[in-house]
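This report concerns only the one structure given below.
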Amino acid sequence: MSQERVEYVMRTITDQCLENEKYFGDLDAVVGDGDFGYSLARGFEIVRDQWDTFDRSDAGTFLQKVAVTMSGRIGGTSGPIWGTAVLRAAGVVKGKTEVTGDDVVAMLRAAIVGIQARGGAELGDKTLLDALAPMADTIEEQLAAGASSDEIAKAAATSARAAAEATKDLQARRGRASYTGERSIGSVDPGAVAVAVLAEKIAEGW
Amino acid sequence: MSQERVEYVMRTITDQCLENEKYFGDLDAVVGDGDFGYSLARGFEIVRDQWDTFDRSDAGTFLQKVAVTMSGRIGGTSGPIWGTAVLRAAGVVKGKTEVTGDDVVAMLRAAIVGIQARGGAELGDKTLLDALAPMADTIEEQLAAGASSDEIAKAAATSARAAAEATKDLQARRGRASYTGERSIGSVDPGAVAVAVLAEKIAEGW
Amino acid sequence: MKKFVNDPRSFVPEMLTGIALANPDTLKYVPEYNLIYRADAPRDDKVSVIQGSGSGHEPAHVMVVGKGMLDAACPGDVFAAPPMEYVLETAKLLRSEKGVLLLVNNYTGDRMAFEMAQELAEAEGMLVKTLFINDDVAVQDSTWTVGRRGVAGNFFVMKAVGAASEAGADLDDVIRVGEKVNSVTRTMGIALTACTPPAKGSPLFELGDDEMEIGVGIHGEPGRRRAKLASADEIVDELLGAVVPDLPYASGDEVALMINGLGGTPISELYILYGIAHRKLEEKGIRVWRSYVGEYCTSLDMAGASLTLVKVDDEIKGLLEAPAEIAIRVF
Amino acid sequence: MKKFVNDPRSFVPEMLTGIALANPDTLKYVPEYNLIYRADAPRDDKVSVIQGSGSGHEPAHVMVVGKGMLDAACPGDVFAAPPMEYVLETAKLLRSEKGVLLLVNNYTGDRMAFEMAQELAEAEGMLVKTLFINDDVAVQDSTWTVGRRGVAGNFFVMKAVGAASEAGADLDDVIRVGEKVNSVTRTMGIALTACTPPAKGSPLFELGDDEMEIGVGIHGEPGRRRAKLASADEIVDELLGAVVPDLPYASGDEVALMINGLGGTPISELYILYGIAHRKLEEKGIRVWRSYVGEYCTSLDMAGASLTLVKVDDEIKGLLEAPAEIAIRVF
Ligand SMILES: Nc1ncnc2c1ncn2[C@@H]1O[C@H](COP(=O)(O)OP(=O)(O)O)[C@@H](O)[C@H]1O
Ligand SMILES: Nc1ncnc2c1ncn2[C@@H]1O[C@H](COP(=O)(O)OP(=O)(O)O)[C@@H](O)[C@H]1O
Ligand SMILES: [Mg+2]
Ligand SMILES: [Mg+2]
Ligand SMILES: [Mg+2]
Ligand SMILES: [Mg+2]
C-alpha cells in the first residue's frame, strides 16, 4: 500500500480519538479515573493542528514526527504507551514510501513489543494489548490466506472488536483499573475498545 | 389557676419542643439556618431531665429555675430570647402559688417586653412576637368578656395559629431569615409557628 | 448524609476533643463550655481575645486559637451562637488585668449572648469589651434590619487584634486596631451547593444543577438571590462588582485579597478564582499586596467561595505579617 | 457540575496562574510545562527535588513548592501523569551539581514518564535519580499488578527529602532518607462521594446515599469494595485495621498520625476522625508523636479521608520538624 494509506490510517486515528473523547472517557470512568479520552484528545488535537507540517519524505519519518508531536502533550499512561507504539511502528518503515502487508504486521508486532517494554503488561492483563495482539494475528492469517486489503481491513476490525468485548471477562492487572481488583471484571477495557473503534473506522473508509 | 396549671403549661412546652425538634428545624431551613428545633430541644432536654429537682416553693421560683436551666444550654437566637421570656414571666408571679387570668396576661406582656428589649424586634418583623402579641390580646379580650379558662385556652390557640400563618406575608427583618430579604416572604416564621403549636397543645390538654 | 460522624449531637464535642488531642502542649479544653484556650493564657500583661460564634465554620474559630491569634474560642452548636453561660465562663477563665476582648460576628444570637455575658462579667468587676465584625456587603437595607453580618473577613480582625494584643497593646488600642481593620474589610460570598448540618441530615435548601446562590452568609441559609451558574470569570466579576464599590476600593489602593472556600470547594478552584480576581484588581489599579487563598471561615460542606478585600496601610500590614502559631498547621 | 471553572481545558493552567500571581516573590511559572518552581532554584549546593503527578490532588504537589519542600512541580492534567517532556524540561531547568531527585507516586503513567525523562536527562550528562512512593495498603496482590500506589503519605517523603536537601545532604543521602520514610509510612483511604473531574462534568461513579467506598486511591476511581455507610468510630476501626497490622505498628512505637481530607470533607469532620484514631492508637500502646490534620493530597471534590501512620525515630522527627515555607499559607 502507498504512503497515502499510512497517512489515511493515522488521520483516521487522529480524527476518531478527537471524536470519541467523551466516549473513551466514560469507559475509563467505570473502574478507572476517567481521563483516557481527554488525554488522547489533547495529544491528537495537536497532531491535527500540525497535520500539514509533518515531514513526509517517507512513511517512517512521517509516523515518527506524529509520535513525537503527540507524546509531548499526552499525559497519563496513554502518553508513553501510544507514543511508544507509533514510534516503534515508525521504525519498521523507516525510509519506505511503500508499505506491504508484511510491514503492517511487523509494525503492529513492534508496537506491541514496545508497549510491553514500556508498561510491563502481558496479554490477559486487560489492556489495549488484548485487542492489538489478536488483531495482528488476524491480519497475518488473512495475508497468508491471500485475502485482499479490503478483506483484511474488515477482518482486522471484526477481530479487534471481538477481542475488545472479551476483555470484559478479564481482571485488570495494569493501570488504575487494577486497584479495584475483582471489581474490574464485567466491564470492557477502554484502551482495547479504542483499538476496536479505530480499526472499524479504518476499515469503513478503506 | 393553681401552680399545677403553671407546671402543666411548662411541661407541655418542654415536651412539645422535644417532640417537634425536626419539624421546627425544617421550618427554619426554608430561609434560615435550620438550627431552631435543635437549639430548643437541647435546652428543654435538660429541663425535662431535671424536672423533678426544680424548687417549687412558688410559681415564680419554679419558672425562674426552668429559665436558668434552659438558658445555660440553648444557643443561637432562641437561647437568650426564650430564656428572657420565661425569666420575665417568672418575675410577674414571684411568690405566688395561685395565678389569675390577669397574671397570665401580665406574664405574656412581660415576656414580650423582655424579648423586645433583648433582640430589638418590633411587631411585624416576622418573629415569634407576631404570634405572642396577638395571643396575649385575645386572652385579654376573652377575660374581659368573662370566658371560662377552657374557652380562653382554645381562643388563644386559634389566635396564635392564625397569627403564625399570617407571618407568611411578612418580610423578615430580624434573625438569619432577614438576610434573604424579600425571599423571606412566602414562608411562615418558625418561632411564630412554634408559639402556635405550643398554644394548641396547651389548649388540647387543658 | 455523607459525613464522618457518630451521634450528630456529639459532633462539636468530638471535634473539640480531636483538636485538644492534636495539640496537647499548646491547648486546653473545657468540655462543659465547648472551650478551647491557649495553655499559656491568661497572662496579665496581655489582653485576652475571645471569639465565640456557632460551629460549622472551621477552621474559624476554634482552630485559630494560638499565639498571635485568639486566646480562646467557645463555640455553640452548629450554626448556633454559644449559650451566654459559655461566654461568661470563658471570659472569667481568661480574666486578665489588661482586660478581655470579645470578638463577635454580628448576628442576633451572638450579639445577645456576648452582650449579656459582658454585662455579667462587668458586674463581677472585670474589664471586658465587645467588638462586632460586619464585613458582608451582601446585606443591604441594614438600617432597618440587624445590620451586616460578620463573615470570612473576620479572619483579618482576629489576626490584627491577635498581633496587637500579643505585642502588649492595651485594651483600647486593641479595639482601635480591630475596628480599623473591620472598617476597611468587605466580603461577598457565593454558593454552588447547600450544606448539610449533621443534626438535620439533609441539605438546607435545594439548588438546581445549573443554579447558584449569590450573597450567601456562613450559616447555610439561602443568599440574596438565585442565578444561573456562571463561569469563574463572571463569578469574579459579580463578587468584585459587589465588594469594590462598597468601601470603595480605588485605583492606587493596596489590598489584601482573600479567596475563602466555604468547605466543599477544593483549593484548586480557589486559586482559579484568585488568579482572575488578582488580574482584574490590578487592571483597576488596585495593587494586591498579599494573598490569602484557602479555607478561613466555612459553612460545613458547602461548595462555594467568598472574596474579601482589606485596604491596607503600614500599620495593618505589620499586624497581618506578624507571626502566629495556631492549632492547625500544614507542617 | 458545581465548580468554579471557565473552560475545563484551562483548569490546570488557570490554577497555576493563580498560584504564581499569589506568590510573585517566591515562585516562577513556566506555562509550557505546567511548571512551578522556586525562584531561588536551582542551587548547585542543593539537590533539586521535583515531583510530577497529575493535577487534582492540590495542595499536592504544586502548592508545596517552597523552601524545605519541593523545588519544582510539573503536574499533568487532572488525574493524568505529566507528559515525559514536561518532566525532562523541568529536570533540565532544575539541573544542579548535586543532582536532581524525581519523586514519583507509583502509578504506571507516572513511572513511565519519569523513567523516560531520567534516561534522557542522564543521556545529557545529568545526575538524576528517581524515588517511588507507595504507601497505600489498600492495594493487595502487588506481586502481579503494578504494586502499591502512592497516596497522601507522599507528604512525609516530600517533607523529609525537602528538609534533607535543604540541609545540604548529597543525592544518595537524600534518597536514603526518602526511602526510609516511605518504608515506614502506610495509608488507607475511604470515600463518601465520587469526585467530578472538570473535563467530565459529572461524578466518576455513583454511590448510594447510604454507601461508602473502602480502599480508594486519589484518582477518583472506585475502591476495593463498597460497604454500608458506617459511623466515624467504625470507619476509624476499618482504617486502623488495615494500616496498623501492615507494617506492623506495635506497642511502644511512636508515630506521626495524619488524617487527610480528600477535598470535599470539612476539617471539622477530619478532627472527629483524628480524635478517635488518636485514642485508639494510644489504647494499643502506640504513641502519637505529632498530628497532621487537613488536606494534603486530595481527589478534587471527593468527600472522604485517608489515615496515614509514619513510624518515627529521631532522624525522621528532625526532618519532619524542620521549618518549611510553601506556596500556601494560613498567614
Ligand atoms: N501497563 C500498561 N501497559 C499497556 N497498556 C496499559 C497499561 N496500563 C494501562 N494501559 C491501558 O491504558 C488505558 C488507560 O489509559 P489512561 O486512562 O490514559 O491511563 P491512567 O491509568 O494513567 O489514567 C487502559 O484502558 C489500558 O488499555
Ligand atoms: N431579634 C429577634 N427578636 C425576637 N425573635 C427573634 C429575633 N430574631 C429571630 N427571632 C426568632 O427566632 C427564630 C429563629 O431562632 P433560631 O433559629 O434559634 O435563631 P438563629 O437565627 O440564630 O439561627 C425566628 O423564627 C424568630 O421567630
Ligand atoms: Mg485513566
Ligand atoms: Mg436558626
Ligand atoms: Mg442559628
Ligand atoms: Mg489518569
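Chains A, B, C and D supply the protein sequences, listed in that same order.
Heads up, this note's numbering is the position in the first sequence plus 4, with the first residue counted as 1.
Heads up, this note's numbering is the position in the second sequence plus 4, with the first residue counted as 1.
Read in this note's numbering, the third sequence has 115 at position 132, and its numbers run on one by one without any break.
Read in this note's numbering, the fourth sequence has 21 at position 38, and its numbers run on one by one without any break.
All C-beta atoms, glycine included, are put in the ideal place defined by N, C-alpha and C.
Could you pull the start and end residues of the beta strand (DSSP E) that residue i belongs to?
| i | result |
| --- | --- |
| alanine 288(D) | 287 to 294 |
| valine 111(D) | 111 to 116 |
| glycine 145(D) | Looking at the DSSP string, glycine 145(D) is not in any beta strand (DSSP E); the run it does join, the alpha helix (DSSP H), is 137 to 149. |
| glutamate 194(D) | 194 to 197 |
| valine 192(B) | Unbroken run through valine 192(B): none, as it is neither H nor E. |
| glutamine 34(C) | 31 to 34 |
| valine 211(D) | Residue identity differs from the one stated: residue 211(D) is lysine in this sequence, not valine. From DSSP, the beta strand (DSSP E) with lysine 211(D) extends over 208 to 211. |
For a contact meaning CB atoms closer than 8 Å, what does residue i contact in chain C?
| i | result |
| --- | --- |
| valine 35(B) | Glu204, Pro205 |
| serine 43(B) | Asp60, Ala63 |
| asparagine 137(D) | Going along chain C, no residue has its Cβ under 8 Å from asparagine 137(D), so there is no contact; the nearest lies around 14 Å. |
| methionine 315(D) | This structure cannot speak to residue 315(D), because chain D is shown only from -16 to 314. |
State the CB to CB distance for the pair residue i and residue j, rounded to an integer number of angstroms; the pair is presumed to be in contact (CB under 8 Å).
| i | j | result |
| --- | --- | --- |
| asparagine 24(A) | valine 199(A) | Incorrect: roughly 12 Å between the Cβ atoms, too far for contact. |
| threonine 9(C) | alanine 22(C) | 5 Å |
| alanine 140(A) | threonine 131(A) | Alanine 140(A) to threonine 131(A), Cβ: 14 Å. No contact. |
| leucine 85(C) | valine 70(C) | 7 Å |
| alanine 315(C) | isoleucine 197(C) | With chain C represented from -16 up to 314, any question about residue 315(C) goes unanswered, as that position is not in the structure. |
| glycine 203(D) | leucine 292(D) | 24 Å between Cβ atoms; not a contact. |
| serine 234(C) | isoleucine 269(C) | 7 Å |
Just to confirm the assignment, what range does the alpha helix (DSSP H) spanning residue i have?
| i | result |
| --- | --- |
| valine 34(B) | 25 to 35 |
| valine 83(D) | Counting along the chain, valine 83(D) falls outside any alpha helix (DSSP H), though it belongs to the beta strand (DSSP E) covering 83 to 88. |
| valine 120(D) | No alpha helix (DSSP H) holds valine 120(D); DSSP gives it neither H nor E. |
| tyrosine 42(B) | 40 to 53 |
| lysine 172(A) | Segment: none, lysine 172(A) is in no alpha helix (DSSP H) and carries neither H nor E. |
| leucine 4(D) | -6 to 5 |
| tyrosine 257(C) | 250 to 266 |
| valine 70(A) | 63 to 75 |
| lysine 11(D) | No alpha helix (DSSP H) contains lysine 11(D), which is instead part of the beta strand (DSSP E) from 10 to 13. |
| isoleucine 85(B) | 82 to 96 |
| arginine 144(A) | Note that residue 144(A) is glutamate in the sequence shown, not arginine. First-last of the alpha helix (DSSP H) with glutamate 144(A): 133 to 148. |
So which residues on chain C does residue i lean against when the C-beta distance must stay under 7 Å?
| i | result |
| --- | --- |
| proline 249(D) | Glu41, Gly246, Thr281, Leu283, Asp284 |
| threonine 176(D) | Lys(-15) |
| methionine -2(D) | Ser251, Tyr254, Ile255 |
| alanine 288(D) | Phe(-13) |
Which bits of chain B does residue i rub up against, with CB to CB less than 7 Å?
| i | result |
| --- | --- |
| glutamate 189(C) | Going along chain B, no residue has its Cβ under 7 Å from glutamate 189(C), so there is no contact; the nearest lies around 10 Å. |
| proline 66(C) | Ser75, Gly76, Arg77, Ile78, Gly79, Gly83 |
| methionine 99(C) | Pro84 |
In terms of DSSP beta bridges, what is residue i paired with?
| i | result |
| --- | --- |
| glycine 243(C) | The displayed chain sequence assigns asparagine, not glycine, to residue 243(C). Answer by DSSP bridge pairing, in chain order: Gly277(C), Ser289(C). |
| threonine 168(D) | Val293(D) |
| isoleucine 309(C) | Gly49(C) |
| valine 271(D) | Val238(D) |
| serine 6(B) | Glu102(B) |
| alanine 55(D) | Tyr20(D), Ile33(D) |
| valine 61(D) | Ser38(D) |
| alanine 174(D) | Glu196(D), Gly287(D) |
Whose Cβ in chain B lies nearer than 9 Å to the Cβ of residue i?
| i | result |
| --- | --- |
| proline 180(C) | Gly29, Ala33, Asp37, Gly38, Asp39, Tyr42 |
| arginine 95(C) | Residue 95(C) is actually methionine in this sequence, not arginine. Correct list: Thr81, Gly83, Pro84, Ile85, Thr88, Arg122, Gly123. |
Please list the partners that residue i has in chain A, where partner means a Cβ-to-Cβ separation under 7 Å.
| i | result |
| --- | --- |
| methionine 195(D) | By Cβ distance, chain A contributes nothing, its closest Cβ being about 15 Å from methionine 195(D), past 7 Å. |
In chain C, what lies closer than 9 Å to residue i by C-beta?
| i | result |
| --- | --- |
| glycine 179(B) | Tyr90, Thr91, Gly92, Val129 |
Anything in chain D within Cβ reach of residue i, meaning under 8 Å, just list it in chain order.
| i | result |
| --- | --- |
| glycine 95(A) | Residues of chain D passing the Cβ test: none, with the nearest at roughly 16 Å. |
| histidine 261(C) | Gly1, Leu4, Ala5 |
Tell me whether residue i counts as near ligand 8, meaning its Cβ is closer than 7 Å to at least one heavy atom of that ligand.
| i | result |
| --- | --- |
| arginine 207(D) | With respect to ligand 8, the structure offers nothing, as its ligand set consists of ligand 1, ligand 2, ligand 3, ligand 4, ligand 5 and ligand 6. |
Query raised in the report: Given a limit of 7 Å on CB to CB distance, which residues of the segment 101 to 127 of chain A reach chain D?
Result: Arg122, Gly123
Query raised in the report: Mind listing which residues of the segment 1 to 14 of chain D have their C-beta closer than 7 Å to chain C's C-betas, in chain order?
Result: Gly1, Ile2, Leu4, Ala5
**Report entry** Under 7 Å (Cβ pairs) to chain D, residues found in the segment 184 to 203 of chain A
**Finding:** Thr184, Gly185, Arg187
Query - Within 9 Å of chain D by C-beta, residues of the segment 46 to 68 of chain A in sequence order - result: Arg46, Gly47
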